[in-house]
Each structure stands twice: as structure tokens, then as C-alpha cells.
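Everything below concerns the one structure shown next.
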Ligand code: PMP
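Residue numbers (UniProt numbering): 2 to 393.
Here it is in C-alpha cells:
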């Protein structure tokens, strides 16, 4: 064959999905998925989204091309919602195919920029981060940002690693609801990070994929806003796929802040040029839905209420699981302090297999659990199983 290549290894999460589907036990619990689920285990389309979709079908006048930067009403509305009016004024936005698309356009932009080419990534991190930056040809430098055994953010490790950073290096930071740990820096730690970025002339790339699923829309945007206010140049890769439940519609944006209008314009036009040579322009539908919601006061209010229900469910499950674990003498109260869908348990691979084989409890091979995969009715059973399989 012309194809002189070896197959890629299977994605471990995909094979878990197959095992879960084929598991006949009615008590099975799936904590491995990467999407929000309600108490009934479903990921329904939001009412606000359904309404906006009906409205679009009835009124959309044309399907003609939008161009590489996509829907500008969408990017402007997301920037205002995410960061506030004043900061939005300082940003150039491009609609992208999801947060992943935004990360890849950002990576291509960094690779094209003369004085960078390197990116610092704190570990553990979302499993697709390193592949995206590698694919763009960036040099990747990692450090241990989160201490899983202690379930805490390790500011000292970040500061020690970035002491060796060169001016112009990019630094990837997750803005809220860290994937896979739920462990975000606190406000004082963010202040120290922002000051370090500014002092060393580093370029933050903030990945904001879960705004509104942690503490609230504005609270979850605070860290990104603080960084934007502290450094001259910054990139934000934004995803609307979780907070609007639009996953497969691929809704996201890349925002660019630069020291002056000329630099910002140059960076934005290069990003658009890279998009043109890649996927030409983003898909329309999901971003049109978000623009419709954010452009209508009633739909915005409906969406915020639905987002709040998602956030409340996650917080309720976190508190219930931490509480149930403590009755078994398991010190997992950190789960109640963490935010968003994920936590990562410090479990041996043998414990993760035993949970699956003996208790039909499925989680990612690294011990990541999605709290949204847990129904209130299953909390006690999960805590008991964890106590059995994980006791030292
Ligand atoms: N960043 C992080 C941290 C994520 O967890 C995800 C999705 N799992 C993304 C970005 C990208 O999501 P999407 O491309 O679906 O917007």
C-alpha cells in the first residue's frame, strides 16, 4: 500500500464505553464520560437551545458563506458574557469549531510567530492538550502543577518551572473547572500566576471550557479576566459546548488580546489566514444558536437558569459523595471543594479494575471521575465500593 503507517493505539476511553455498554449488570455506573448528565443519566438539549433553533429555522434568510472569522455577533456576545464589556473591547475574536478548534488555531498561531514556538503545560491535564500542540509543531515543556495525592494545586512547582521560561514562551492555563482534577488555583494563587506571567513576558493561553459549571458565570471568568488585566498579550480558547450543551455542534472561539491595535490586528489576520488554509471557516449552526440566545433577554435568562441547574447538580453530588465517603472513614472531602465535572482519585490501577469488575463502576484509567455520571441514588454505593477497594 501507499500507506506505510502503523495503526494508532485505541483510545482507552472508547474501549471503556464499549465495555460499559456490554456490561449486563443493571447497577452499572458510568463515571468515565466527558459530558454533563442529569439525575436520569441523560444529556438533553437545553430548552433555550431548542427555542433558538426553532427561531433560526423559521427566520434564517440564507446559508451563504460567513468567512474564516465566523459569526461576529457570536464572538462579540460571548466576549461580553465571559469577560465583561470593557475587556471585550480589547479582544479580537474568531469563531472556531469548538474549544479544540480554538486551541489548534492558537497553537498554529504560536508556531508561526517568530519569537515563541514553546509552550508550558501543567500536568495532569486534558488528554488532548499535548496532541493538539504537538500537531502544530510546538515544543512542549511540562511540570507537575497538581499534587494528586494531596489533592491541591502546587503553585511552588509552577513558579519553579516557569523560572526557566524565556520571554515569549506560551503558558497553557485552564481558566476554571480543571480537567481532569477539578482543582483550580485560588484567588491569591491566580494573582501570583498573573504577576509571574507579566514579570517574565510570557504569553498566557487560557483554556476556558466550563464557564458557569463551577461557581457561576462571572465567578468562573474571574481568573481569566485577572490575567487579561495583568498582561499585555494573551489568548483565550473558549468552548460553548459544555455550558450550552451543544457538544456535537462544535461551538467555540479564539480571543486575542495584544499590547496595541496593530499587533492585535496582525495576530488576528494571521489566525484568519491559518483558518483559511485549514478548515476555511467554522460551521454555522451552533454559534448561531448561541448568538440567538445571548441576543435575547428572555432566552438568556432561560439559559442561565438551565446552566445553574447543571452547576447545582454537580455541587450537590460533590457534597453528597464527600459526606458519604467520610462516613466510611475515607478522607475525600476535597471532592466537595473541587469544581466542575471532574475529580481525579489517587487510585492504583488494581483498585480501578476491581471497581469495574466487582462493582460495575467505570472510570477513566487514570482515576478521573465525572461527577455528572453519578445519580444521587448511587452515591452511597459508590462510597462503599471506594471504601472497600481503596482502603490502604
Ligand atoms: N479544554 C478542555 C479542558 C476540555 O476538557 C475540553 C473538552 N473535553 C475542551 C477544551 C474542548 O472541548 P470542545 O472542543 O468540545 O469545545
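Positions of the beta carbon are idealized from the N, C-alpha and C atoms, including for glycine.
Does DSSP classify residue 233 as helix, strand or coil?
In the chain shown, residue 233 corresponds to position 232, counting from 1. Looking at residue 233 - three-state DSSP - the assignment turns out to be coil, as it is neither helix nor strand.
Touch check for the region 94 to 101 and the region 141 to 148: three-plus C-beta pairs under 8 Å?
Too few Cβ pairs lie closer than 8 Å, so no.
Quick check on residue 344: does DSSP put it in helix, strand or coil?
Counting from one through the chain shown, the residue named residue 344 turns up at place 343. DSSP places residue 344 in strand when its eight states are reduced to three.
From the DSSP secondary-structure annotation, give me the bridge partner or partners of residue 258.
The residue labelled residue 258 in the question sits at position 257 within the chain shown. Residue 258 pairs with 92, 235.
For the beta strand (DSSP E) that contains residue 121, what are its first and last residues?
To locate residue 121, count along the chain shown from 1; it is residue 120. From DSSP, the beta strand (DSSP E) with residue 121 extends over 119 to 124.
Three or more beta-carbon pairs under 8 Å between the region 18 to 32 and the region 233 to 252, yes or no?
Cβ pair count under 8 Å is below three, so no.
In the DSSP assignment, what residue or residues form a beta bridge with residue 206?
If you number the chain shown from 1, residue 206 lands on position 205. DSSP output for residue 206 lists 173, 236 as bridge partner(s).
Where does the unbroken beta strand (DSSP E) through residue 369 begin, and where does it stop?
Residue 369 sits at position 368 when you count from the first residue of the chain shown. Residue 369 -> beta strand (DSSP E) spans 369 to 371.
Who are the near neighbours of residue 191 in its chain, counting only those whose CB is closer than 7 Å to its CB and skipping five residues on each side?
Along the chain shown, read from residue 1 onward, the residue named residue 191 stands at position 190. Correct list, in chain order: 224, 227.
Under DSSP, the beta strand (DSSP E) around residue 294 begins and ends at which residues?
The residue labelled residue 294 in the question sits at position 293 within the chain shown. No beta strand (DSSP E) holds residue 294; the alpha helix (DSSP H) holding it covers 286 to 295.
When burial is assigned at 16 or more other CB atoms within 10 Å of the CB, is residue 244 buried or exposed?
Here residue 244 corresponds to residue number 243 of the chain shown, with the count starting at 1. So residue 244 ends up on the buried side.
Does DSSP put residue 98 in a helix, in a strand, or in coil?
Mapped onto the chain shown, residue 98 falls at position 97. Correct three-state label for residue 98: strand.
Classify residue 379: buried if its beta carbon has 16 or more other beta carbons within 10 angstroms, exposed otherwise.
Counting from 1 along the chain shown, the entry for residue 379 is found at position 378. Per the 10 Å Cβ criterion, buried.
Give me the residue from 125, 374, 302, 265 with the minimum Cα distance to residue 44.
As a first step, residue 44 must be located in the chain shown, where it is residue number 43. Per the Cα distances, 374.
Would you call residue 48 buried or exposed, if buried means 16 or more other Cβ atoms sit within 10 Å of its Cβ?
Along the chain shown, read from residue 1 onward, the residue named residue 48 stands at position 47. That one is exposed.
Please find out if some non-hydrogen atom of the ligand PMP comes closer than 7 Å to the beta-carbon of residue 202.
As a working mapping, residue 202 is identified with position 201 in the chain shown. False, no ligand heavy atom lies under 7 Å from that Cβ.
From residue 172 to residue 308, what distance separates their C-alpha atoms?
Here the question's residue 172 lines up with position 171 in the chain shown. Here the question's residue 308 lines up with position 307 in the chain shown. When rounded, the distance between both Cα atoms is 29 Å.
Over what stretch of residues does the beta strand (DSSP E) that includes residue 44 continue unbroken?
Position 43 of the chain shown, counting from 1, holds the residue named residue 44. Run containing residue 44: none; DSSP gives neither H nor E here.
Pick helix, strand or coil for residue 140, following the three-state DSSP scheme.
Residue 140 sits at position 139 when you count from the first residue of the chain shown. The answer is strand: DSSP assigns residue 140 an E or B state.
Taking the continuous alpha helix (DSSP H) assigned at residue 353, which residues delimit it?
Position 352 of the chain shown, counting from 1, holds the residue named residue 353. Residues 350 to 360.
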